[in-house]
Every structure is written in structure tokens, then in C-alpha cells.
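So the sequence shown is numbered by the numbering used here: it starts at 553 and just counts up by one. To start, the structure itself, in C-alpha cells.
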Amino acid sequence: MSNVFLGQLPPFFFFHQIFFTPRQSNIIAPQPQYMQTYYTKILSDSMLVWDASTFIQWMADPEWRYFTDLRSWSDEEVIEHLTRDPMANSRHLQCSIPPEDRYFTTKSSTSLGLLGLLPTELLDYLLGLLDIRSLRSFGATCEYALSLTTNQSEYQLLQKLAPTICPLIYLTGLDYLHPIASVSRELRFCYCRSCGERGTLLCLPTCQRICENCAQYNQAYWGLLLSEAKTAFALEEHEVDPLPVLLTNRRMWRGTENGVTHTEPNLEYVTTKSALSAAIQKRGSRQAMIEAAEEISPDRSAEASALAISKALLYRYLRASNPRPANGDPSQVVARLSNVPSTERIGIVTTLFPCVPEGYRMAMPTYRCSGCWVVCNAPFQILNEHYRYMGIEPTSTSPEDRYRIVKGRTLIVRTLEELRYHISHQCLGGKLLMFRRRKMQSDGVVLP
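As C-alpha cells, this is what we get:
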């Protein structure tokens, strides 16, 4: 591959390769003498020489229909060559699993009293209505209570299928908030509570499953410091205190451990969604809330610093948030403004959360489409006919909207059956990857 082609690649391609490594790649950094070979392999694996003429030439090839027929592709081939790890590099809260006795330590041998006379099934149901903190307190009552607690059906389900969730809720200070049954219900529910797409994250303060599109681009699910929430939404101290507050530090965010000491204090975060709801309830309407917040905006002074102006811009953006997109399409969530300082706010209140539907004994496997990444890396080479091929009408959308739709698709996860339908009916990039692989195989090229 020529250096000329490397120079023609868009800047965000290299950012993508650094932070979104392929599922099959080795995470160990290559030695300097192998760097050129390493990056050439990355380019050949994930990019073609994308230009409009390539698209037109390949789609006009007589063998296009034959080579892009998914019926000739096994499930293993689809997973191996047309998918990416759905959450390999997402920022999210994480923790290790503490010993069980950290949560349940009996204090005495007292009995449950009248509660001990209730049927076990009824006790199991009642314990499911308790939050984690109350469940721990109940389990510390006596040996019988400890047995009931550790064998409670919803708690056992979470310990088996999502063992880090309860410890993470405890470590972030939200153990008083959500009943065990509510967390278990989200484990069984596989779709984003905001947009309806498949969700792979749990927003801890709200105990709602959301998708990565909403976590990334819907500011309703961003984290705000308490001081920021008061200024952004014109709230008083006593009005912020009742909100679900999440305690965390950067050591709990994946990929941000470098340079962080173990003595770093926890910071208190709330979601934009909860602060917005409290502010609207206080003022009676969104417009009244906006007017009150503008009176204390950081950029009111003529001598406002660049930082104050930046914060004011962020606060206005947060006040315009909508927890539920009007059309239910996560790829249509309003794009994040390029000058909004949001990087440190994404992923602060979410964590990975498996989906285990009723009848399943393990998490349902989901995949991201590699073809969507391919198209997203060549947005300026896509012609109108190509957008129509992907089900996007170019005459009724702006270039920014079209790119946002394509970018949004890169973050959507699908089951294998859904992925096959998507590649067959919606994904130009997937078809191009299929065509290239089958074409090279027909020409006798040995592929990995």
C-alpha cells in the first residue's frame, strides 16, 4: 500500500484505529521494526481504496449479486469477517467483584420473628422489593435471613449472569435506590428505554437499559457534577440533594487509569435527565426553567472568560436534551456539537450490562456490523444512489444528517439474524466486504 494512499486517509481514521481496534487484533503493541507491516495489515483488514469509482465498478460487476448473496455465507463466516466486538472499547464504569462476606455478615443468631412464619415463596417476593442496602441489612439479621438473601431468585440471577452489577451499585453509592427486582427486570429487557434499539449499557442512577448511541449522543444520559447541575438548571442545594447521586472516580472508568492515584476522591455526579426533570417540576415548564438558568449563566458578564463561555454553551446544550428521541431511531439523536466539552461526561454513569431474555441461561450474543464502519470511514465518497441502497433518502436529508445516520449505525448491536437482514437490505459496506473477499478467493488469493 502506497504512502500516497496513507496520506489521503481522513484524520478520524487513525483515531478510529487507535480507539476501536478490530475484534481479532492483538492488544499487545507491535515492536517498532514491525510498525509499517502492522499498520498496513490494519488498513487492508478494515479499509479498501474507497472512492466513488470503486463503488460503481464493483456494484456493476456481473458477479456482484452472486458474491454478495449471504445464503452462501455460514454463520461462522459472517461473525468472523463482517462483525466487530460490540463494546470492546466503550468507556464505562467497571469494578472487581468483592468477596461475598463483604456484603452479608450476620450480627447475631436472632430469628426473623413473625416474618419467619411466612411461606418461603412470599419471602422471596418481598425480598425482591428491597434495595441492595436493605437486602444486606436483612441478610445480617440471622443465619436464616442470610440464607434467604443469598438464595433470593433475582439476586441469584444477577450474581450468576451479571456478577459485577450489585457490587458496582454498592460502590457508586446507589445501593439505597433500586430494588433488586428492578435491576433483574432490566437484565431480562433487551432494548434501550430511550430509543427502542438493542441496549448494551445500564444507566446506574436511573436503572434503565440504554444503547451506546444514546449514551454517546443523547445528553440526557451524560454525567453532571452537582455544582454544574445547580448552575445549569438553576437549582438550589436542597433541590439537588434528593437526586440520584453517583459516586465515582476515573479509576472506575475503563481506559483512564494512567496518571490516576489510588487516593483520588470520589466525585458526585447526577444525570442530566434527573436534573432536568427536577428543574422543570420546580419552574412548571421548560421555558421558565431556561429563563431562570439564563439569569445566572456563566457568560452573562462582558468580561467572561473562554472557559465560562464554553460552560454556558454546554449548559444550554444540556437544557435542550430530550430523554426520548421523537422518532425512536438512535441514529437520529441530535449530533453532539463539536465545540461542546463533553468527553469527560460520557460513560461516567453507565456500565456494560448483558441481555438475558426469558428462557436464556446466558447472555444473548450481539454484534456490530463491520460494513457500517467501512462506510463511515468514507463519507465523502458515497453517492446518492449508494445512500438509497442503504435506505437513506439523500434528497430529504442534509450531508450532516446522512453522516449522522451512518455513524449511528456503527454503534448499533444486532443478533446474528438481525445482522444478516441488515447486511442483505441496508448495508453497502457489508456488501463491499463480502464482494472483496469472495472476489479475492475466486482469484486464488489466500486469505486468513
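Here a beta-carbon is modelled for each residue, glycine too, at the ideal position from N, C-alpha and C. Predicted, not measured: the structure shown is a model, and the values here were computed from it.
Between the Cα of Trp805 and those of His633, Ile717, Gly899, spot the shortest distance and give me the residue it belongs to.
-> Gly899
Let me know the secondary structure DSSP gives Arg888 once reduced to three states.
-> Confidence in Arg888 is poor, its pLDDT being 45 and thus under 50, which makes the residue's placement too unreliable to answer from.
Residues that Leu776 bridges to, as DSSP identifies them = Val822
So what's Gln704 in DSSP terms, helix, strand or just coil?
-> coil
Do Thr823 and Pro757 come within 7 Å of each other at the CB atom, strictly closer than that value?
-> yes
Indicate whether Ser734 and Cys759 have their beta-carbon atoms separated by less than 7 Å.
-> yes
Boundaries of the alpha helix (DSSP H) in which Cys755 is found, first to last residue | Element bounds for Cys755: not the alpha helix (DSSP H) but the beta strand (DSSP E), 753-755.
Return the CA-CA distance between Gln583 and Tyr912, expressed in angstroms with no decimal places.
-> Residue confidence is low: Gln583 scores 36 on pLDDT, short of 50, so the model does not pin down where it sits. Its coordinate-derived value is still stated next. Rounded to whole angstroms, Gln583 to Tyr912 spans 43 Å at the Cα level.
Would you tell me roughly how many angstroms separate the C-alpha atoms of Leu687 and Tyr769, rounded to the nearest one?
-> 35 Å
Between Ser612 and Cys979, what straight-line distance do the alpha-carbon atoms span, to the nearest angstrom?
-> It is Ala, not Ser, that sits at residue 612 in the sequence shown. Going by the C-alpha atoms only, they are around 17 Å apart.
For Trp925, the nearest candidate out of Leu666, Arg961, Glu738 (CA to CA) | Arg961
Counted within 10 angstroms of its Cβ, other Cβ atoms place Leu935 as buried (16 or more) or exposed | exposed
How should Gly691 be labelled, buried or exposed, when 16 other C-beta atoms within 10 angstroms of its C-beta is the threshold for buried?
-> buried
Looking only at C-alpha atoms, which of Asp727, Thr693, Thr967, Thr947 sits nearest to Pro906?
-> Thr967
Ile762 by DSSP, collapsed to three states: which one?
-> strand
Is Glu945 helix, strand or coil when you go by DSSP?
-> coil
Would you check if the distance between the CB atom of Arg761 and the CB atom of Gly751 is smaller than 7 Å?
-> yes
Are Leu971 and Gly923 close, meaning C-beta to C-beta below 7 Å?
-> no
Count the CB pairs spanning the region 700-707 and the region 660-676 that are closer than 8 Å, and state whether there are at least three.
-> yes
Under the three-state DSSP convention, the category Tyr955 falls into = helix
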